[in-house]
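Participant: Residue numbering for the sequence shown follows numbering that gives the first Met the number 0, beginning at 0 and increasing consecutively.
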Amino acid sequence: MVAKAEDESRLDGLKWVVVTLLVAAGVGGNMYFSDESLLYRVIALLVLAVVAGFVAAQTSRGAAFFDLLKGARNEIRKVVWPTRQEGTQTTLIVVAFVIVAALILWGLDTLLGWLASLVIG
0 MVAKAEDESR
10 LDGLKWVVVT
20 LLVAAGVGGN
30 MYFSDESLLY
40 RVIALLVLAV
50 VAGFVAAQTS
60 RGAAFFDLLK
70 GARNEIRKVV
80 WPTRQEGTQT
90 TLIVVAFVIV
100 AALILWGLDT
110 LLGWLASLVI
120 G
């Protein structure tokens, strides 16, 4: 059991090297083929990204990351999102408070500026 875990950790390192090489190939290939059509370069980069993502998902950390994404997706489904009316009302309340705070700060700034000009002369 321990030997299997050690073999997987060694293979994980090799897999991450492959992922790094795929990313480097994408960057280098994009620079090398800069005269080619942007569409072809984007397609090639997407293919390399999918392959690199697949290889990364085969590692223990990659599998844990995808489990985290699945858990986050499940939690997002549990959220009760506000209705359009609630969102609009909340936004208007925030805007009103920001305007009131701005007016208070403007008034204080004007008052303190006027007092400072009286003191300085």
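We put the beta carbon where it would ideally sit given N, CA and C, even for glycine.
Starting from the C-beta of R40, find all residues in its chain whose C-beta is less than 7 Å away, skip the five residues before and the five after it, and write them out in chain order.
Facilitator: N29, F32
Participant: Compute the Euclidean distance between the alpha carbons of V97 and E85, then round it to the nearest angstrom.
Facilitator: 18 Å
Participant: Find the nearest neighbour of G25 within the set L10, V49, G12, I103, judged by alpha-carbon distance.
Facilitator: V49
Participant: Counting C-beta neighbours from all protein chains within 10 Å, is the total for L45 16 or more, i.e. buried, or is it exposed?
Facilitator: exposed
Participant: Compute the Euclidean distance between the alpha carbons of V18 and K69, then round it to the nearest angstrom.
Facilitator: The alpha-carbon atoms of V18 and K69 are separated by roughly 22 Å.
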